[in-house]
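K.L.:
What follows is the structure, given as structure tokens:
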């Protein structure tokens with residue numbers, strides 16, 4: 125029941141000087157690089173390969189894909205395994221920043237849902253753009269809103285900012301920013 129701290133890899137402990145006089149965590153840069161590599165890899169796999177074509181077709185019309193002789197259950201199992209592997213990669217990458225504990229993924233689940241809804245369900249491009257936007261809104265909200273509204277109301281407003289952004293997007297574009305595809 126106690127959290128377990130996981131150390132950062134020894135190669136990624138020392139900060140990197142991005143601009144003279146300004147250092148940034150090399151581990152966080154590595155997380156960013158892995159995230160970008162995963163996004164590019166997923167996009168290329170879904171949009172440029174036969175398996176990606178089958179995944180898109182299976183999501184749109186399961187019966188048609190089965191009618192063409194593709195084992196849709198095996199395809200869905202493959203997609204589930206890929207998703208589980210990516211979730212494991214995310215867990216491995218983030219544990220040195222937090223700690224391993226019961227319910228480790230609970231705090232990110234709601235934010236993930238918000239990103240998917242804003243981006244458009246089924247859209248990788250939408251999820252990528254929405255995640256960048258939500259990250260900026262969350263970070264700027266935590267930084268600016270306590271300054272503007274005071275340190276009593278500011279943190280509460282900052283935690284609501286991403287949900288207000290989701291409500292705004294859903295009001296104007298109920299399908300999300302991008303259609304599936």
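Residue numbers (this note's numbering): 125 to 305. Beta carbons: idealized from backbone N, C-alpha and C, even for Gly.
#1: Quick one: using the 10 Å Cβ neighbour count with 16 as the cut-off for buried, is residue 226 buried or exposed?
#2: Do you know how far the Cα of residue 218 is from the Cα of residue 158?
#3: Hey, could you find the ends of the alpha helix (DSSP H) residue 164 is sitting in?
#4: By Cβ distance below 8 Å, which residues in the same chain neighbour residue 281 in space, the five residues on each side in sequence not counted?
#5: Quick one, are the C-beta atoms of residue 167 and residue 258 less than 8 Å apart?
#6: Helix, strand or coil: how does DSSP classify residue 137 here?
#7: Just the Cα atoms here: how many angstroms apart are residue 279 and residue 197?
#8: Let me make sure I understand the geometry here. Which of 125, 200 and 244 has the alpha-carbon closest to that of residue 176?
P.N.:
This is what the structure holds:
#1: Counting C-beta atoms within 10 angstroms of its own C-beta, residue 226 has fewer than 16 neighbours from the protein chains shown and is therefore classed as exposed.
#2: Across the structure, residue 158 and residue 218 are spaced so that their CA atoms are roughly 12 Å apart.
#3: Here the alpha helix (DSSP H) through residue 164 covers 150-172.
#4: 265, 269 and 273, listed in sequence order.
#5: No, Cβ-Cβ distance for residue 167 and residue 258 is not below 8 Å.
#6: In the structure shown, residue 137 sits in coil (DSSP, three-state: anything other than H, G, I, E or B).
#7: One C-alpha to the other measures close to 46 Å.
#8: For residue 176, the closest alpha carbon among the candidates 125, 200 and 244 is that of 200.
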